[in-house]
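Chemist: The sequence shown begins at 1 in UniProt numbering and counts up one residue at a time.
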Amino acid sequence: MSPIGDTFRTRLRMFPSLINCCTIDWFTAWPDDALEMVATSLLQETKLEASLLAHCVTVCKYFHHSIDDLAHSLTTKGQRLLPAAEVLCDIVTPTSYLELVFTFKQLLLKKRSEILTLRDRYVTGLEKLKEAKLLITELQEELKLLQPRLVETSANTEALMIKI
Numbered sequence: 001m002s003p004i005g006d007t008f009r010t011r012l013r014m015f016p017s018l019i020n021c022c023t024i025d026w027f028t029a030w031p032d033d034a035l036e037m038v039a040t041s042l043l044q045e046t047k048l049e050a051s052l053l054a055h056c057v058t059v060c061k062y063f064h065h066s067i068d069d070l071a072h073s074l075t076t077k078g079q080r081l082l083p084a085a086e087v088l089c090d091i092v093t094p095t096s097y098l099e100l101v102f103t104f105k106q107l108l109l110k111k112r113s114e115i116l117t118l119r120d121r122y123v124t125g126l127e128k129l130k131e132a133k134l135l136i137t138e139l140q141e142e143l144k145l146l147q148p149r150l151v152e153t154s155a156n157t158e159a160l161m162i163k164i
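(1) With 16 as the cutoff for other CB atoms within 10 Å, does Leu43 come out buried or exposed?
(2) What are the boundary residues of the alpha helix (DSSP H) that includes Gln147?
(3) Let me make sure I understand the geometry here. Which of Leu48, Thr95, Ala54 has the alpha-carbon closest to that of Asp68?
(4) Grouping DSSP H, G and I as helix and E and B as strand, with all else coil, what is Thr10?
(5) Val101: buried (16+ other C-beta within 10 angstroms of its C-beta) or exposed?
(6) Can you tell me which of the three DSSP states Leu74 falls into?
(7) Identify whether Ala29 lies in helix, strand or coil by the three-state DSSP scheme.
(8) Is the Cβ-Cβ distance between Thr40 and Val59 less than 8 angstroms?
(9) Just to check my reading of the structure: Asp30 and Tyr97 have Cβ atoms closer than 8 angstroms, yes? What is that Cβ distance to the nearest angstrom?
(10) For Leu35, which residues in the same chain have their Cβ closer than 6 angstroms to its Cβ, ignoring the five residues on either side in sequence?
(11) What does the alpha-carbon distance come out to for the pair Ala71 and Thr124?
(12) Would you tell me roughly how many angstroms separate the C-alpha atoms of Thr75 and Ser51, rounded to the nearest one?
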């Protein structure tokens with residue numbers, strides 16, 4: 001099964017060391033539908049809303065295509081500037097697209113957990129403030145109830161001070 005043809009396949013059979021000692025990579029560009037389906041299936045685990053998921057998939061496709069275009073333009077500039085033996089090659093493959101989507105997913109999940117942690121801290125802080133407010137209200141009411149007794153005790157203390 002060779003994408004090049006039967007001649008290549010027969011040569012590989014004649015010289016098995018080509019397969020045993022070499023790595024042959026066939027990279028072809030994925031169509032937009034494939035990029036979209038792969039990103040959608042990988043980002044399903046993030047449980048995003050449908051519209052937000054569609055935007056994320058669009059952004060991933062845009063990143064992949066823009067990097068591919070940039071690599072091609074740098075390659076053509078490199079061919080003009082470098083000797084023929086040092087021609088740059090671009091390596092924007094479907095594997096790099098998968099890495100992009102996985103990195104995006106990991107970053108999204110990490111940031112989501114950080115935001116949830118901050119939200120939980122904020123909610124806990126609000127609960128503590130509510131508890132403190134209730135405690136202060138109770139103590140103020142208790143102080144109001146003890147106010148007449150405090151006035152009476154301070155009057156007794158003044159009378160005692162006069163006697164002494």
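Even glycine gets a Cβ: it sits at the ideal position worked out from N, Cα and C.
Modeler: Let me lay it out:
(1) buried
(2) 94-163
(3) Thr95
(4) helix
(5) buried
(6) helix
(7) coil
(8) no
(9) Going by the sequence as given, residue 30 is Trp instead of Asp. The pair is a contact, with the Cβ atoms about 7 angstroms apart (cut-off 8 angstroms).
(10) Lys61
(11) 49 angstroms
(12) 36 angstroms
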